[in-house]
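Printed below as a string of structure tokens:
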């Protein structure tokens, strides 16, 4: 039995086909960036594919992910992510992703109204965690850099950053990897008056290509530590939080049979 530390779980005894569903009331509601930015398989260059798990306990159908194989432009005012609240001082940002091998791109970028990048989630070798508060701290030469790892090796990764106080911790595939200094100010603020960009930076030519199943921001620095339990567990457990729910749910069994056919050949 899984313990969902970030939420209070209740069994809802309403059958969905032959299964019962588990619903969670999250203590800190996740901001689902892909939903807010309206990433969709209807976009050119975007399709639905199998995700991290091709089957899960109690459900033989595959997880879903978005496969992005063309340069897409996807952005929205940051106010759409935070309509009623400021950007949190302490938080987690978490993603399940399979980037094209050898790529070096920013998966997520937040800008203020002047075009200054305030937050950046890099995928690649020795990824930078870009964070710059309203007073310009830390400067670029002091951005935390997680060396000797590669987040773009062509494999699925569950990546979770915890930002709390003057440090940032990276959890990679459910293991605590490292904690680095984040030398921001005493009252750091990230403006929500600018724009949020998916898959690149405003002036970069390189754009994310690969598969992405989930991209969340949570107003709780502890969420990163339990990302693999509360949001996207191993394949032996059901998904407590499904980011990609399509109106055409018939896609899921089609992808499942497609994957099984590939495995048999």
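Residue numbers (mature numbering (1 follows the signal peptide of the UniProt record, and there is no 0)): -19 to -1, 1 to 246. We put the CB at the ideal spot given by N, CA and C, even for glycine.
- Spanning the alpha carbons of residue 87 and residue 168 requires a straight line of approximately 26 Å.
- Contact check for residue 165 and residue 114: beta-carbon distance about 5 Å, within the 8 Å limit, so the pair qualifies.
- Between the alpha carbons of residue 101 and residue 90 lies a gap of roughly 5 Å.
- Look at residue 162 here: in three-state DSSP terms it is strand.
- Between residue 48 and residue 28 a beta carbon distance of about 5 Å is seen, short of the 8 Å cut, so the two are scored as contacting.
- Residue 212 places its beta carbon 8 Å or farther from that of residue 196.
- Beta-bridge annotation (DSSP): residue 219 is not paired with any residue.
- In this structure residue 34 is buried. Its beta-carbon is surrounded by 16 or more other beta-carbon atoms within 10 angstroms.
- In the structure shown, the three-state DSSP call for residue 174 is coil.
- If you draw a straight line from the Cα of residue 64 to the Cα of residue 116, it is about 23 Å long.
- Under the DSSP definition of a beta bridge, residue 98 partners with 92.
- DSSP lists 140 and 156 as the bridge partner or partners of residue 153.
- Taking C-beta separations shorter than 6 Å and ignoring five residues to either side along the sequence, the partners of residue 155 in its chain run 209, following chain order.
- If you check the CB distance, residue 104 and residue 84 come in under 8 Å.
- In this structure, residue 78 places its C-beta atom within 8 Å of the C-beta atom of residue 192.
- Between the stretch 177 to 191 and the stretch 138 to 158 there are fewer than three C-beta pairs closer than 8 Å, too few to call the two in contact.
- At a Cβ-Cβ threshold of 8 Å, residue 141 and residue 75 count as neighbours.
- Exclusion of the five residues before and after residue 14 leaves 62, 89, 177, 179, 196, 197 and 198 as the residues of its chain whose Cβ lies within less than 8 Å of its Cβ.
- For the pair residue 20 and residue 45, the CB atoms are not nearer than the 8 Å cut-off.
- Only residues of its own chain outside the window of five on either side were considered, and among them 171 and 173 have a CB closer than 6 Å to the CB of residue 68, listed in chain order.
- Counted as a single uninterrupted DSSP element, the alpha helix (DSSP H) harbouring residue 15 occupies residues 14 to 17.
- Judged by beta-carbon spacing, residue 202 lies within the 8 Å limit of residue 144, meaning their Cβ atoms are closer than that value.
- In the structure shown, residue 194 falls within a strand segment according to DSSP collapsed to helix, strand and coil.
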